[in-house]
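One gets the working numbering by counting positions in the sequence shown from 1 and adding 55 to each. Ideal Cβ placement from N, Cα and C applies to all residues, glycine included.
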Amino acid sequence: MPGGSVTTGAGVGANAPKVPSLLFNDSAKKPLRNKWAGIAMTAFSAFGGILFGYDTGVINGVKVMEPWLRRFGDELDSKGNFVLSSSRESLVVSILSAGTFLGALLGAPVADYIGRKWGIIFATLVFCFGVALEVGSNSVGIALLVVGRVFAGLGVGLVSCLVPMYQSECSPKWIRGAIVSGYQWAITIGLLIAAVINDATKDRTDRSSWQIPIAVEFIWAFALAAGMFFLPESPRWFIMRGRDAEAAKSLGRLTGLSSNDPGLLADLDEIKINLEAEKALSSNSYVDCFRSTDNKILFRTLSGIFLHAWQQLTGINFIFYYGTTFFQNSGIRNSFLITIATSIVNVFMTLPGMWGVERFGCRRLLLVGAAGMSFCEFIVAIVGVTESLSPSFAFISPSSHPHGAPLRGNWLWNFGIGYATPYLVNKKAGSAGLESKVFFVWGSTCAAAFVFTWFCIPETKGLSLEEIDDMYREVYPWQSSVSWHAANLNRRRHAIGDTRDEDNSRDGVEEKERV
């Protein structure tokens with residue numbers, strides 16, 4: 056479907072027959088004269104994750120700084136200090152996700168029209184326009200700040216779609232998973248940098264306290280745009296446009312091979328075959344995703360939608376959007392330092408997830424992550440209700456952050472959760488005033504996510520698309536981890552053995568005929 060989801064080269068095109076490839080084949084000796092150049096170039100695009108994470112985390116600290124509250128606060132507390140009402144806090148925080156949702160929708164069409172490389176550069180320009188409006192909003196007011204966050208979100212949404220697309224189309228297959236996972240890790244690094252810079256400027260008494268952290272976003276955008284300017288365009292996009300010579304040149308830059316190298320030409324042929332296979336499926340519509348078929352397409356579509364919903368309902372975004380405010384209201388002396396601590400935990404706990412997804416599979420990690428977060432969040436809620444909160448409890452939730460993938464529906468859920476949270480937590484008129492008791496909600500949703508994963512999410516590790524189709528037809532998701540995988544492995548071994556026996560038999564007949 057044009058403008059559909061991002062493919063990784065192992066997606067729709069995996070159904071097509073493959074041309075033997077010397078370049079990216081796992082079993083082949085990689086004849087890359089300059090393989091690290093291609094890896095470095097595609098890994099650099101993960102810098103977009105820093106931009107994404109920083110923009111997500113910066114508002115967490117900015118909105119509790121006194122100079123920012125003096126300018127944009129709309130209520131007074133009992134001490135006469137400016138504070139945010141629940142409605143304004145919801146608007147300022149969640150409006151970014153409204154922009155990112157629109158950006159994610161536009162990402163694929165933009166990528167198809169102007170290319171992946173120039174699409175990312177265009178996204179940074181949109182992002183910078185939004186940041187400029189935010190920085191200049193001091194003289195205008197909340198309206199300009201909100202508009203600026205919409206445009207910044209639009210840029211972030213484009214980046215969140217285009218960067219993984221560029222990585223998956225340009226990186227070698229044998230390291231593609233690690234490179235694309237690096238984008239997620241870069242997001243956590245961006246969150247950490249935002250927390251550190253917020254802490255560094257929080258004690259300033261003028262508007263620079265909040266303008267500096269926001270203005271720093273120009274640096275990340277400029278670095279990403281400048282780097283992308285020198286990177287090659289996706290060979291896949293050139294082939295889509297019928298520009299085969301430029302595709303060969305681009306792939307040559309990524310691999311260090313000449314444009315007439317047999318391995319490089321084989322990979323170009325493989326890309327063409329995959330594109331033809333996708334075109335053959337392009338007659339399908341979005342409505343077909345919600346039709347009940349033997350392949351359980353409806354069940355698979357709804358599973359994907361609700362998996363992202365549960366991810367947003369784990370409560371992790373509460374920490375990164377409202378954590379500093381929550382820690383401050385809980386009586387923690389330096390809430391900014393606790394935010395830094397949670398961000399550090401998030402950075403380092405993402406690494407085991409990146410490694411474990413290939414080692415243990417997604418289903419097992421989802422189950423362990425949901426169970427761990429549920430347990431920890433119930434502890435936070437119980438302690439918060441029974442006694443005063445101490446800084447040590449702030450470390451619990453982010454350490455179990457299981458995953459994150461910014462898809463279109465994901466941003467819509469992100470907006471909804473971001474908007475509703477102040478009304479759940481704040482102890483103000485018109486709000487529920489749950490405070491730390493909100494972790495009972497997040498703990499319960501994590502428990503529900505565990506049940507959902509157990510019954511609805513199968514293990515697909517190491518399976519081709521054809522095998523995934525067979526698995527959905529033959530077994531339930533909770534049977535996929537052990538029994539079906541073992542049976543499928545035996546079936547494949549028998550198939551290979553039958554093929555070898557047939558080949559040996561044919562060779563014997565031919566030998567007798569020659570005699």
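Non-local beta-carbon contacts of I267 in its own chain, meaning distances under 6 Å to residues more than five positions away in sequence, involve T256 in chain order. In the three-state reduction of the DSSP assignment, L131 falls in the strand class.
A distance below 7 Å separates the beta carbons of W497 and G370. Within the DSSP bridge table, the entry for F137 names L131 as partners.
With contacts defined by Cβ atoms closer than 7 Å, I399 and I393 do not form a contacting pair. The three-state secondary structure of V271, taken from DSSP, is coil.
Look at E288 here: in three-state DSSP terms it is coil, with no helix or strand label. Beta-carbon to beta-carbon, L421 and I512 are separated by about 6 Å, close enough to satisfy the 8 Å threshold. No residue range can be given for P227, since it is assigned to no alpha helix (DSSP H) and is classified by DSSP as neither H nor E.
Leaving aside the five residues that flank S149 on each side, the residues in its chain whose CB is nearer than 7 Å to its CB run, in chain order, F470, G473 and Y474. Across the set L309, L199 and V218, the C-alpha of L309 shows the shortest separation from the C-alpha of P227. When Cβ pairs closer than 8 Å are counted between the two stretches, the region 288-304 is seen not to touch the region 184-194, the count staying below three. By the criterion of a C-beta distance shorter than 8 Å, D349 is surrounded in its chain by R528, once the five residues flanking it on both sides are discounted.
If you compare the alpha carbons of T111, N115 and R259 with that of A207, the shortest gap goes to T111.
According to the DSSP assignment, D299 belongs to the alpha helix (DSSP H) that extends over D299 to T310.
Taking C-beta atoms as the reference points, I395 and V251 count as a pair closer than 7 Å. Classified as exposed, E413 has fewer than 16 neighbouring CB atoms from the shown chains inside 10 Å of its CB. Look at G416 here: in three-state DSSP terms it is coil, with no helix or strand label.
Taking I197 as reference, the option from R259, L124 and F293 with the minimal CA-CA separation is L124.
Note that the region 309-322 does not touch the region 486-494; fewer than 3 beta-carbon pairs, one per stretch, sit closer than 8 Å. Per the coordinates, the alpha-carbon of S429 lies some 30 Å from the alpha-carbon of K351. A direct Cα-Cα distance of roughly 14 Å separates G103 from S223. Boundaries cannot be given for R346, as no alpha helix (DSSP H) includes it and DSSP labels it neither H nor E. With a 10 Å radius around the Cβ and a threshold of 16 neighbouring Cβ atoms, F182 comes out buried.
Annotation: Y478 to N384 spans about 15 Å, alpha carbon to alpha carbon.
In this structure, Y531 sits away from N115, with a CB-CB distance that is not shorter than 7 Å. Fewer than three pairs of CB atoms, one per stretch, sit closer than 8 Å, so the region 132-150 makes no contact with the region 232-245. S289 and K134 do not touch by the CB rule: their CB atoms are close to 56 Å apart, not below 8 Å. Per the C-alpha coordinates, the member of E432, A233, K516 and A502 positioned closest to F415 is K516. With three or more CB-CB distances shorter than 8 Å, the region 151-160 counts as touching the region 210-219.
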